[in-house]
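Input: a single structure, listed below in structure tokens.
Residue numbers (our numbering): 17 to 454.
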């Protein structure tokens, strides 16, 4: 208790002391300073108000900043979501574009395949129509040739004696043919008459002449006199005719000849070398001519390859195989004949392109004054002439090769199927072949 009272007394004395001191201080201040104190108080109040206003503005700025931050965050979130959506849409569109491009490529490939197929079908239809017209037009014209080849295959190739050869006006010809005893010497049915080729020509002449012309000709009389001699002839099968081979000279079947044996391969190799030499000689003078000639050479290479492939397949499936049935042999031979005829048509088209090429290169050989004169010009002309000759030789060799193949197959058909081919139907695979041609 005493301590608390003593402490309170001490505080009262201190307060009194401070009050008296402050009063004495105020009393000692001059009067002019009082005005200054009032101005300071007024200024202090104004500053206090400004401070309060600044604090209020600062709080407002803080609140606005928070609102702006929230708004910006919302905008960023919205933009991010939109950007993600745009990226997904872009990926989808790119993927769709790739799929469309791939589909377009597939459709174009299908269109090209269909166009190629349409061209092949058109060409096949054209070939069939041409073959139909060809076989229809040649139906009567080739009967004599087929008949002659058939008789030649059965009786062998007959040789005319010197006496008969010297007397071409008569029919008293003698032949020397030795066979298996059925058709021999002067006692045979054909002993005193023309050889088989002549008989075929006579038969062919009957097809070409009108009825009145044929009746008035000597051939009609000859055929009338000798028609009865053929009625008793007994035809032998194909196999006994092989006994003729010791006495009758036979040539190798054309379908047993390859490209090297026919001379086409060697000509093509020589042509390739000459084209290379021409390209080296002419340089820029005839820049277009070697390329055109190379294209023509490639056509001949392709055609020769197809003919060679046909011969190879004919060798693998021998059309003269006696063990095979007649109907199967006839069908196989007809297929080979049709393919050979198509190749012959293609060879004819290649020949037309060769003629156009020769015309174009002939027009292009008129060199101007800017070209090299003298030896270079002469060498170029000689090279072009040699290439043209090689082209003609290749064209001729291919045509002869195909003609021999076609003639050989037609002869086989006439020999093996002349009596039964009318009953043979090739349809539906070859419905355009007329079986009444034979």
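Even for Gly, the Cβ is constructed at its ideal location relative to N, Cα and C. Quantities reported herein were computed from a predicted structural model and do not represent experimental measurements.
Tell me which residue opens and which closes the alpha helix (DSSP H) that residue 40 is part of. Residue mapping note: residue 40 aligns to position 24 of the chain shown, counting from 1. Where residue 40 is concerned, the enclosing alpha helix (DSSP H) stretches over 18-44.
Apart from the five residues just before and just after residue 356, which ones in its own chain have a Cβ nearer than 7 Å to its Cβ? For the purposes of this step, residue 356 is taken as the residue at position 340 of the chain shown. The beta carbon of residue 356 lies closer than 7 Å to those of 326, 418, 421, 422, 425 in the same chain, with the five residues before and after it left out.
Go through its chain and collect everything with a Cβ distance to residue 377's Cβ below 6 Å, but skip five positions before and after it. Taking the chain shown and counting its residues from 1, one reaches residue 377 at position 361. Closer than 6 Å at the Cβ level, and outside the excluded window around residue 377, lie 305.
Reference residue 359; option with closest CA among 315, 120, 282, 23: Within the chain shown, numbered from 1, the residue matching residue 359 stands at position 343. Nearest option by C-alpha distance: 315.
Measuring straight from C-alpha to C-alpha, what distance separates residue 413 and residue 134? The sequence position of residue 413 within the chain shown is 397, counting from 1. The sequence position of residue 134 within the chain shown is 118, counting from 1. Looking at the two C-alpha atoms, the distance is approximately 32 Å.
Would DSSP call residue 333 helix, strand or coil? Within the chain shown, the letter at position 317 stands for residue 333. Three-state DSSP puts residue 333 in coil, outside helix and strand.
Given residue 292 as reference, the closest of 318, 400, 349 once Cα atoms are compared: For the purposes of this step, residue 292 is identified with residue 276 of the chain shown, where counting begins at 1. The shortest Cα separation from residue 292 among 318, 400, 349 belongs to 400.
Report all residues from its chain with a CB closer than 8 Å to the CB of residue 3; omit the five preceding and five following residues, and keep chain order. Not covered by the structure: residue 3. The range shown for the chain is 17 to 454.
Smallest Cα separation from residue 285: which of 366, 313, 333? Counting from one through the chain shown, the residue named residue 285 turns up at place 269. The shortest Cα separation from residue 285 among 366, 313, 333 belongs to 313.
Using the Cα positions of residue 287 and residue 367, report the straight-line distance between them to the nearest angstrom. Start at 1 with the first residue of the chain shown, and residue 287 comes out as number 271. Start at 1 with the first residue of the chain shown, and residue 367 comes out as number 351. Distance between the alpha carbons of residue 287 and residue 367 is about 16 Å.
Suppose the cutoff is 8 Å on Cβ atoms and the five residues either side in sequence are ignored; what does the same chain contact list for residue 66 look like? As a working mapping, residue 66 is identified with position 50 in the chain shown. If we look at residue 66 and ignore the five residues flanking it on each side, it has no Cβ neighbours.
Could you tell me the distance, in whole angstroms, from the CA atom of residue 110 to the CA atom of residue 97? The sequence position of residue 110 within the chain shown is 94, counting from 1. The sequence position of residue 97 within the chain shown is 81, counting from 1. Cα-Cα distance, rounded: 20 Å.
Could you tell me the alpha carbon to alpha carbon distance between residue 375 and residue 281, rounded to whole angstroms? Start at 1 with the first residue of the chain shown, and residue 375 comes out as number 359. Start at 1 with the first residue of the chain shown, and residue 281 comes out as number 265. Their backbone Cα atoms lie some 25 Å apart in a straight line.
CA-to-CA distance, residue 73 to residue 79, given in whole angstroms: Along the chain shown, read from residue 1 onward, the residue named residue 79 stands at position 63. Along the chain shown, read from residue 1 onward, the residue named residue 73 stands at position 57. Roughly 10 Å separates the two Cα atoms.
Please report the distance separating the alpha-carbon of residue 56 from that of residue 45. By 1-based counting over the chain shown, the position of residue 56 is 40. By 1-based counting over the chain shown, the position of residue 45 is 29. The alpha-carbon atoms of residue 56 and residue 45 are separated by roughly 16 Å.
Buried or exposed, going by whether 16 or more other CB atoms sit within 10 Å of the CB of residue 58? Within the chain shown, numbered from 1, the residue matching residue 58 stands at position 42. Counting the other Cβ atoms within 10 Å of the Cβ of residue 58 gives fewer than 16, which makes it exposed.
I'd like the list of long-range same chain contacts for residue 446, defined as Cβ closer than 6 Å, with 5 residues on each side in sequence excluded. In the chain shown, the residue the question calls residue 446 occupies position 430. Model confidence at residue 446 stands at a pLDDT of 41, short of 50, so the residue's coordinates are unreliable and nothing is read from them.
Top-ranked residue by Cα proximity to residue 330, from 307, 428, 310: Position 314 of the chain shown, counting from 1, holds the residue named residue 330. Of 307, 428, 310, the residue nearest in Cα terms is 428.
Among 125, 363, 295, 346, which has the Cα closest to the Cα of residue 317? For the purposes of this step, residue 317 is taken as residue 301 along the chain shown, with counting starting at 1. Residue 363 is the option with its Cα nearest to residue 317.
Does the beta-carbon of residue 139 have 16 or more other beta-carbons within 10 angstroms, so that it is buried, or is it exposed? Counting from one through the chain shown, the residue named residue 139 turns up at place 123. So residue 139 ends up on the exposed side.
Hey, residue 456 and residue 146 are a contact pair by Cβ (cut 8 Å); roughly how many whole angstroms apart? Shown here, the chain extends from 17 to 454; a query on residue 456 therefore has no answer.
Length of the line joining the Cα atoms of residue 404 and residue 322: Sequence index remark: in the chain shown, residue 404 carries index 388 (1-based). Sequence index remark: in the chain shown, residue 322 carries index 306 (1-based). Their backbone Cα atoms lie some 23 Å apart in a straight line.
Expected contact under 8 Å - CB spacing of residue 309 and residue 373 to nearest Å: For the purposes of this step, residue 309 is identified with residue 293 of the chain shown, where counting begins at 1. For the purposes of this step, residue 373 is identified with residue 357 of the chain shown, where counting begins at 1. The Cβ separation is near 7 Å, so the contact holds.
What's the gap between the Cα of residue 21 and the Cα of residue 40? As a position in the chain shown, residue 21 is number 5, starting the count at 1. As a position in the chain shown, residue 40 is number 24, starting the count at 1. Approximately 28 Å between the Cα atoms of the pair.
Which residue's Cα is closest to the Cα of residue 370: 342, 311, 328? The residue labelled residue 370 in the question sits at position 354 within the chain shown. Here the closest residue by C-alpha is 311.
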